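K.L.:
Provided herewith is a single structure, encoded as structure tokens, for subsequent inquiry.
Numbering (our numbering), first residue to last: 13 to 223.
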């Protein structure tokens with residue numbers, strides 16, 4: 013197997029790195045988009061009890077939908093290619109980030125807001141300067157969960173033309189080629205581990221900073 017891997021890299025190293033970069037870009041972009049959508053939305057619904065339950069229930073429903081089903085739904089609605097895969101993965105990344113953001117702000121001690129108000133802070137200043145730093149560890153924990161899930165789910169993006177390391181896994185299954193399976197599975201596992209360790213270290217730093 014090692015000889016097969018060496019032989020592949022000797023002639024196809026650029027193809028491998030292209031697929032790896034596609035996988036990283038797809039995963040990272042979807043997580044960033046989910047953060048840009050879900051952090052403000054989580055803050056907003058934490059102050060709107062009437063709509064919070066409906067939004068959270070809808071998001072919880074999305075959590076139980078398999079990744080493959082979300083990607084399959086994206087194909088007839090959006091077509092195939094990088095963009096449909098990106099949008100589908102963004103949807104998959106949203107639940108843990110939104111739920112953690114909502115929980116962090118919803119469970120915030122009301123006395124903190126009252127103290128900020130007593131100091132003359134506006135509602136926006138209270139959110140940005142007081143509440144957000146305190147909520148950051150919980151938000152980072154949600155992003156950590158989403159990142160690991162998305163790195164794994166991005167391997168299925170190849171089914172709708174999203175590219176990435178999933179190409180090797182699908183080709184390996186189709187051709188019963190263990191070398192291709194390893195070329196896809198091992199880097200994806202390593203990326204997930206690096207993401208988990210990286211966000212765990214970041215979470216510790218953030219928690220120490222906010223304590």
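Quick reminder that beta carbons are idealized off the backbone N, C-alpha and C, glycines included. Treat the numbers as computed from the prediction; the structure is a model and nothing was measured.
Answer with buried or exposed for residue 26, where buried requires no fewer than 16 other C-beta atoms within 10 angstroms of its C-beta.
P.N.:
Exposed is the call here.
K.L.:
Kindly indicate which three-state DSSP category residue 129 falls into: helix, strand or coil?
P.N.:
Here residue 129 sits in helix by DSSP.
K.L.:
Let me know if residue 74 comes out buried or exposed under the rule of 16 or more other beta-carbons within 10 Å of its beta-carbon.
P.N.:
Answer is exposed; the Cβ neighbour count stays below 16.
K.L.:
In whole angstroms, what separates the C-alpha of residue 128 from that of residue 197?
P.N.:
Approximately 50 angstroms between the Cα atoms of the pair.
K.L.:
Between which two residues does the alpha helix (DSSP H) harbouring residue 154 extend?
P.N.:
Counting along the chain, the alpha helix (DSSP H) containing residue 154 begins and ends at 144-165.
K.L.:
Excluding five sequence neighbours on each side, which residues of the same chain lie with their C-beta closer than 8 angstroms to the C-beta of residue 218?
P.N.:
148, 149 and 152.
K.L.:
Is the Cβ-Cβ distance between residue 107 and residue 166 less than 9 angstroms?
P.N.:
Taking 9 angstroms as the Cβ cut-off, residue 107 and residue 166 do not qualify as a contacting pair.
K.L.:
Between the beta-carbon of residue 117 and the beta-carbon of residue 59, is there less than 9 angstroms?
P.N.:
A contact, by the Cβ cut-off of 9 angstroms.
K.L.:
Apart from the five residues just before and just after residue 17, which ones in its own chain have a Cβ nearer than 8 angstroms to its Cβ?
P.N.:
Hits under 8 angstroms: 191, 194 and 195.
K.L.:
Any idea what DSSP makes of residue 119, helix, strand or coil?
P.N.:
In the structure shown, residue 119 sits in coil (DSSP, three-state: anything other than H, G, I, E or B).
K.L.:
Would you mind stating whether residue 79 and residue 104 have Cβ atoms separated by less than 9 angstroms?
P.N.:
Cβ atoms of residue 79 and residue 104: closer than 9 angstroms.
K.L.:
With C-beta atoms as the reference, is residue 210 less than 9 angstroms away from residue 38?
P.N.:
For residue 210 and residue 38, no; Cβs fall outside 9 angstroms.
K.L.:
Excluding the 5 residues flanking residue 71 on each side, which residues of the same chain have their C-beta closer than 8 angstroms to its C-beta?
P.N.:
106, 107, 110 and 111.
K.L.:
Among residues of its own chain, excluding the 5 on either side of residue 99, which ones have a beta-carbon nearer than 7 angstroms to its beta-carbon?
P.N.:
Excluding sequence neighbours, residue 99 sits near 86 and 90.
K.L.:
Starting from the Cα of residue 42, find the closest Cα among 56, 14, 162 and 84 and give me that residue.
P.N.:
It is 162.
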